[in-house]
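All residue numbers for the sequence shown refer to my numbering, where the first residue is 279 and numbers rise by one.
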Amino acid sequence: MHEQPGGFMAGLRMLIVFVAAEVAFLALSLLTLIWYTSADPTIAEEGRLPDSGLLVLLIVPPVGGALVAIACTSLFGAGQRTGRWRRELAVRSGLRSAGLGAAIGLAGLLVTIPAAIVWANWVGGDQATSSVGEAFADRQMPTAAAVTVFLVVWLVAPAAEEVLFRGALWRSLEHWRLNRWVVFAVTSVLFSLAHLELLRTPLLLVLSIPVGLARMFTGSLIGAIVAHQVNNLLPALALLLALTGNVPQL
């Protein structure tokens, strides 16, 4: 059962949890870059990480940020400590939440795919990429590494991001008893801005819509994660094919 909001201080604590997780994400990203550039100064000169560095950068910061959010929620979230992080982050298992999240994610493709086409035409082909796509451009990897990238982009990254945005941040705003559509709007906008991709922000805002709706209508983080994973499947598959040399790099 969904726990009732706990008031201003409970919301403030969950906001601090969200900020701490974001700081952890940025710190781990920076430490990864420092580690690789200090080991090989030519990396900084060429601006190109080795494949291993890209894999670490793709996996460690988001997973680390999500783990910080879970740990801090367990310590500082509202309510009884037993099962606290699951309640506060709305981690409710069940086929209904996952199924509804998948359905909303699939329906959302009817909006997000045309939006991506319009956006690509607007910014131009050279600019129509994500930071991940740009980082892996003009690379080919062994099959095992390429499959790892595929699984992370498809499954792991969406789960980690949702723990922060539709988990900790969403719950913070719920504790403040904001209208659920306000919560939906605020989390969607901040999610879009947090990627730090100015040109891609409008598209990210559109992509956030089905994910936020899944979180709102299922009342579960699982629904949002599954909707996000549905959204990421096609880009992840395209990246897999490109990294294994089966399609031309875009």
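In this text, a Cβ means the ideal position worked out from N, Cα and C, and glycines have one as well.
No experiment lies behind these values; they were computed from the predicted model shown.
Alpha-carbon spacing of residue i relative to residue j, whole angstroms
| i | j | result |
| --- | --- | --- |
| residue 528 | residue 352 | In this predicted model, residue 528 has a pLDDT of only 41, less than 50, meaning its place in the structure is not dependable enough to derive any value. |
| residue 393 | residue 453 | 33 angstroms |
| residue 316 | residue 435 | 27 angstroms |
| residue 555 | residue 514 | Outside the displayed range of the chain (279 to 528) lies residue 555, so it cannot be described from this structure. |
| residue 432 | residue 474 | 20 angstroms |
| residue 253 | residue 364 | The shown model of the chain, from 279 to 528, leaves out residue 253, and the question about it has no answer. |
| residue 459 | residue 292 | 19 angstroms |
| residue 425 | residue 476 | 29 angstroms |
| residue 349 | residue 402 | 42 angstroms |
| residue 298 | residue 468 | 15 angstroms |
| residue 496 | residue 378 | 7 angstroms |
| residue 419 | residue 442 | 30 angstroms |
| residue 447 | residue 296 | 6 angstroms |
| residue 288 | residue 455 | 11 angstroms |
| residue 396 | residue 390 | 10 angstroms |
| residue 430 | residue 512 | 13 angstroms |
| residue 444 | residue 499 | 6 angstroms |
| residue 301 | residue 405 | 28 angstroms |
| residue 410 | residue 337 | 12 angstroms |
| residue 310 | residue 330 | 11 angstroms |
| residue 322 | residue 284 | 47 angstroms |
| residue 510 | residue 440 | 13 angstroms |
| residue 457 | residue 335 | 36 angstroms |
| residue 384 | residue 368 | 22 angstroms |
| residue 387 | residue 466 | 17 angstroms |
| residue 422 | residue 412 | 20 angstroms |
| residue 506 | residue 463 | 16 angstroms |
| residue 520 | residue 408 | 14 angstroms |
| residue 286 | residue 489 | 26 angstroms |
| residue 325 | residue 312 | 12 angstroms |
| residue 579 | residue 451 | As shown, the chain starts at 279 and ends at 528. That puts residue 579 outside it, with no answer to give. |
| residue 398 | residue 516 | 16 angstroms |
| residue 487 | residue 320 | 41 angstroms |
| residue 362 | residue 290 | 16 angstroms |
| residue 400 | residue 523 | 28 angstroms |
| residue 372 | residue 318 | 47 angstroms |
| residue 360 | residue 374 | 24 angstroms |
Presumed contact (8 angstroms Cβ cut-off) between residue i and residue j, rounded CB distance
| i | j | result |
| --- | --- | --- |
| residue 518 | residue 414 | That belief does not hold up - the Cβ atoms of residue 518 and residue 414 are roughly 10 angstroms apart, past 8 angstroms. |
| residue 501 | residue 347 | With a Cβ gap of about 18 angstroms, residue 501 and residue 347 do not count as contacting. |
| residue 559 | residue 314 | The shown model of the chain, from 279 to 528, leaves out residue 559, and the question about it has no answer. |
| residue 479 | residue 491 | Not confirmed; about 19 angstroms, so no contact. |
| residue 437 | residue 503 | 5 angstroms |
| residue 449 | residue 366 | 5 angstroms |
| residue 461 | residue 380 | So it is not a contact: roughly 22 angstroms between Cβ atoms. |
The ligand MG heavy atom lying under 7 angstroms from the CB of residue i
| i | result |
| --- | --- |
| residue 450 | The model depicted lacks the ligand MG and carries no ligand whatsoever. |
Sequence ranges, alpha helix (DSSP H) only - wholly within the stretch 344-405, length at least 4: 362-366 and 373-401
- prompt: Counting pairs of beta carbons, one from the stretch 305-315 and one from the stretch 337-344, are three or more of them closer than 8 angstroms?
  reply: yes
- prompt: Can you find at least 3 beta carbon pairs, one from the stretch 478-488 and one from the stretch 354-361, that sit closer than 8 angstroms?
  reply: At 8 angstroms Cβ cutoff, the stretches do not touch.
Ordered list of alpha helix (DSSP H) runs contained in the stretch 465-502, each at least 4 residues: 479-496
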